[in-house]
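Colleague: The listed protein sequences correspond, in order, to chains A and B.
Residue numbering for the first sequence follows our numbering, starting at 1 and increasing by one per position.
Residue numbering for the second sequence follows our numbering, starting at 160 and increasing by one per position.
In this text, a Cβ means the ideal position worked out from N, Cα and C, and glycines have one as well.
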Amino acid sequence: MNSKLNPEWCLAMAEYELGFEVGAGAMALDPMPELQDENEVADESRLALGRFVTLARRKSGLSVEALAEKADIDVGELLSIERDAHHLPETRTIYRLAMIFGVSQKKLMGLSGLTKPKDVRYVDEAIRYAARSESIARLSKEEQAALDGLIAVLSDKQE
Amino acid sequence: MTPAGPKQIIPVALLNVASRSPVVAELWKPITEKNLADWEVLWAPETAGQLKVLHQAGIERRLWPQSRKWDWRQKQEAFRGRLDNQSYAVMQGGETQAMMIVDLSARARLDEQVRQHLVYIDFLEAAPWNRRTLTGGQPRFAGAGSILLGAAIELSLEQGFKGRIGLHSLPQSNDFYANACGMCDLGADENYSNLRYFEMTPEIAAKFLKKGA
Numbered sequence: 001m002n003s004k005l006n007p008e009w010c011l012a013m014a015e016y017e018l019g020f021e022v023g024a025g026a027m028a029l030d031p032m033p034e035l036q037d038e039n040e041v042a043d044e045s046r047l048a049l050g051r052f053v054t055l056a057r058r059k060s061g062l063s064v065e066a067l068a069e070k071a072d073i074d075v076g077e078l079l080s081i082e083r084d085a086h087h088l089p090e091t092r093t094i095y096r097l098a099m100i101f102g103v104s105q106k107k108l109m110g111l112s113g114l115t116k117p118k119d120v121r122y123v124d125e126a127i128r129y130a131a132r133s134e135s136i137a138r139l140s141k142e143e144q145a146a147l148d149g150l151i152a153v154l155s156d157k158q159e
Numbered sequence: 160m161t162p163a164g165p166k167q168i169i170p171v172a173l174l175n176v177a178s179r180s181p182v183v184a185e186l187w188k189p190i191t192e193k194n195l196a197d198w199e200v201l202w203a204p205e206t207a208g209q210l211k212v213l214h215q216a217g218i219e220r221r222l223w224p225q226s227r228k229w230d231w232r233q234k235q236e237a238f239r240g241r242l243d244n245q246s247y248a249v250m251q252g253g254e255t256q257a258m259m260i261v262d263l264s265a266r267a268r269l270d271e272q273v274r275q276h277l278v279y280i281d282f283l284e285a286a287p288w289n290r291r292t293l294t295g296g297q298p299r300f301a302g303a304g305s306i307l308l309g310a311a312i313e314l315s316l317e318q319g320f321k322g323r324i325g326l327h328s329l330p331q332s333n334d335f336y337a338n339a340c341g342m343c344d345l346g347a348d349e350n351y352s353n354l355r356y357f358e359m360t361p362e363i364a365a366k367f368l369k370k371g372a
């Protein structure tokens, strides 16, 4: 079938289309800027998550590969958690890490941005502890203190 | 997998709004990997930039572009391989200017053609730079919407549906479908996010095609 949509037809129709908006189909109702704000908050708490995982891993004397193997999670996923605050981890990964490090699965899920925590105080505290830590080869006294604080905040005992 | 290249290319034209001059363009069928990459690399950042401006300007949320979160790759993947879905893209200057996915299994709702087959436009979106921005910017090109509607009508004719098409309009596009296209407005559809449902009869379709001839 020969198309009637030749360039002349298109240009004539374009004149009619001027000043109008075209679009059809199901729409998404949640505004993006709000999501961006939420993402920024989640990014902050994921920074704390990444810092916690790095410190806890180093305290256990494990390399990234060794921890990935021990927890039965993907190495790339673990690296992303430690180094990329935008990375949204897999639910299973968070469960496995919480189990390995002996902290609350529920709180770690909240910190990862996979769930929205009802009580955000522990998230704020975790962010503060993470901010205090510095990356050096061995755990310094401050890092150890920061890690202890993170563990305390993320354990089930402190609700 | 989404095809690397189009199976069919039809020469078309768009109107450069600033200079009011014609520009050569192409209608691609189906949507290709290139179109999806354009959506990711070109459309998404542009849309995000426009939304930021709208947000900072304090524009009411209901006035923002309603298609801002569509994920074309996801849509295309969902429809890929289904024989009752077809897709199109308008190309100009090596960039995707608009995209559309249609469904051939839908039936008409309008009384005079109820339950008759039609081409239902599942999704239609113009590139963000081809939309009027609420902060005063003018679109780069006009005409992509009419080309895609025309393509949907021609597909309807090819399928023996006599030009019947239907769609759920985005709120900011109601005026276009009702007044520029003369489609029948069947009102807000509560089963579809309250978007208004529009339908074109064979007579309206013929009139639409004739309008630009």
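Is DSSP giving B:H154 helix, strand or coil here?
Modeller: Here chain B has residues from 160 to 372 only, and residue 154 of chain B is not among them.
Colleague: Are the CB atoms of B:D344 and A:F20 within a distance shorter than 8 Å?
Modeller: No; because the gap between Cβ atoms is not below 8 Å, this pair is not in contact.
Colleague: For my contact list, A:P7 and B:P181 are in at a C-beta cut-off of 8 Å; report their separation, rounded to the angstrom.
Modeller: Right, their Cβ atoms sit about 7 Å apart.
Colleague: Would you say B:S264 reaches chain A, if we count a Cβ-Cβ gap shorter than 8 Å as a contact?
Modeller: No, its Cβ sits nowhere closer than 8 Å to a Cβ of chain A.
Colleague: Under 7 Å Cβ-Cβ, which residues of chain A neighbour B:P189?
Modeller: The contacting residues do not exist; B:P189 stays about 16 Å from chain A at best.
Colleague: Less than 8 Å between C-beta atoms, sequence neighbours within five positions excluded: which residues of the same chain meet that for A:L114?
Modeller: Taken in chain order, the residues that qualify are L88, P89, T91 and I94.
Colleague: Taking only the alpha-carbon atoms, compute the straight-line gap between B:R290 and B:W187 and give it to the nearest angstrom.
Modeller: So the alpha carbons of these two residues sit roughly 20 Å apart.
Colleague: Could you give the first and the last residue of the continuous beta strand (DSSP E) run that contains B:W288?
Modeller: Where B:W288 is concerned, there is no enclosing beta strand (DSSP E), given that its DSSP letter is neither H nor E.
Colleague: In the DSSP assignment, the beta strand (DSSP E) including A:K118 goes from what residue to what residue?
Modeller: Looking at the DSSP string, A:K118 is not in any beta strand (DSSP E), and its letter there is neither H nor E.
Colleague: Is B:G304 close to chain A? Criterion is C-beta to C-beta, closer than 8 Å.
Modeller: Closer than 8 Å to some Cβ of chain A, the Cβ of B:G304 qualifies, so yes.
Colleague: Strictly by DSSP, which residues pair up with B:V183?
Modeller: Paired residue(s): B:A172.
Colleague: If we define contact as Cβ-Cβ less than 8 Å, is A:S3 a contact residue for chain B?
Modeller: Closer than 8 Å to some Cβ of chain B, the Cβ of A:S3 qualifies, so yes.
Colleague: With 9 Å as the C-beta to C-beta threshold (strictly closer), list the residues of the segment 5-26 of chain A near chain E in chain order.
Modeller: Given the protein chain composition of this structure (A and B), no chain E is represented.
Colleague: When burial is assigned at 16 or more other CB atoms within 10 Å of the CB, is A:I81 buried or exposed?
Modeller: By the neighbour-count rule (16 or more Cβ atoms within 10 Å), A:I81 is buried.
Colleague: Run down chain A in chain order and give the residues with a C-beta less than 9 Å from the C-beta of B:G319.
Modeller: By Cβ distance, chain A contributes nothing, its closest Cβ being about 12 Å from B:G319, past 9 Å.
Colleague: With 16 other CB atoms within 10 Å as the buried threshold, where does A:W9 fall?
Modeller: Under this definition A:W9 is a buried residue.
Colleague: Using the Cα positions of B:A196 and A:G110, report the straight-line distance between them to the nearest angstrom.
Modeller: Each residue's Cα considered, the two are about 33 Å apart.
Colleague: Alpha carbon to alpha carbon, how far is A:Q105 from A:A98?
Modeller: Their Cα atoms are separated by approximately 5 Å.
Colleague: Have a look at B:Q256, B:I168 and B:L326 and flag the residue whose alpha-carbon is nearest the alpha-carbon of B:F282.
Modeller: Ranking the options by Cα distance to B:F282, first place goes to B:L326.
Colleague: Tell me which residue opens and which closes the beta strand (DSSP E) that B:L345 is part of.
Modeller: Per DSSP, B:L345 belongs to the beta strand (DSSP E) from C343 to D348.
Colleague: Can you say whether B:Y279 is buried or exposed, counting buried as having 16 or more other CB atoms within 10 angstroms of its CB?
Modeller: So B:Y279 counts as buried.
Colleague: Measuring alpha carbon to alpha carbon, tell me which of A:F52, A:I100, A:V123 and A:A126 ends up nearest A:R83.
Modeller: The option with the nearest alpha carbon to A:R83 is A:F52.
Colleague: Report yes if the CB atom of A:G23 is closer than 8 Å to the CB atom of B:S352, and no otherwise.
Modeller: Cβ distance not < 8 Å, so A:G23 and B:S352 don't count as in contact.
Colleague: How far does the beta strand (DSSP E) with B:N244 in it extend, from its first residue to its last?
Modeller: Start and end: N244 to Q251.
Colleague: Near A:F101, what residues of its chain come up, given a Cβ to Cβ distance below 7 Å and the 5 sequence neighbours on each side ignored?
Modeller: Within the same chain, A:F101 has close Cβ partners A56.
Colleague: Which residues share a DSSP beta bridge with B:F300?
Modeller: Paired residue(s): B:N175.
Colleague: So is B:V171 in contact with chain A if we call contact Cβ pairs under 8 Å?
Modeller: Output row for B:V171: interface = yes.
Colleague: How far does the alpha helix (DSSP H) with B:F367 in it reach, from first residue to last?
Modeller: Its alpha helix (DSSP H) spans residues P361 to K370.
Colleague: May I ask you to list, following chain order, the residues of the segment 245-279 of chain B that have a beta carbon less than 9 Å from some beta carbon of chain A?
Modeller: Going along the segment 245-279 of chain B in chain order, one finds A257, M259 and I260 with a Cβ nearer than 9 Å to chain A.
Colleague: Give the straight-line distance between the Cα atoms of A:E77 and A:L62, rounded to the nearest whole angstrom.
Modeller: Taking the straight line joining both Cα atoms gives about 16 Å.
Colleague: Anyone know if the C-beta pair for B:E362 and B:W288 falls short of 8 Å?
Modeller: No.
Colleague: Would a C-beta distance cut-off of 8 Å place B:A347 and A:K4 closer than the cut-off?
Modeller: No, the Cβ-Cβ distance between B:A347 and A:K4 is not below 8 Å.
Colleague: Distance, Cα to Cα, B:K370 vs B:L269?
Modeller: Answer to the nearest angstrom: the Cα atoms are 23 Å apart.
Colleague: Tell me the DSSP secondary structure of A:T93 in three-state form.
Modeller: Helix.
Colleague: With DSSP run on the structure shown, which of helix, strand or coil describes B:T255?
Modeller: It is a strand residue.
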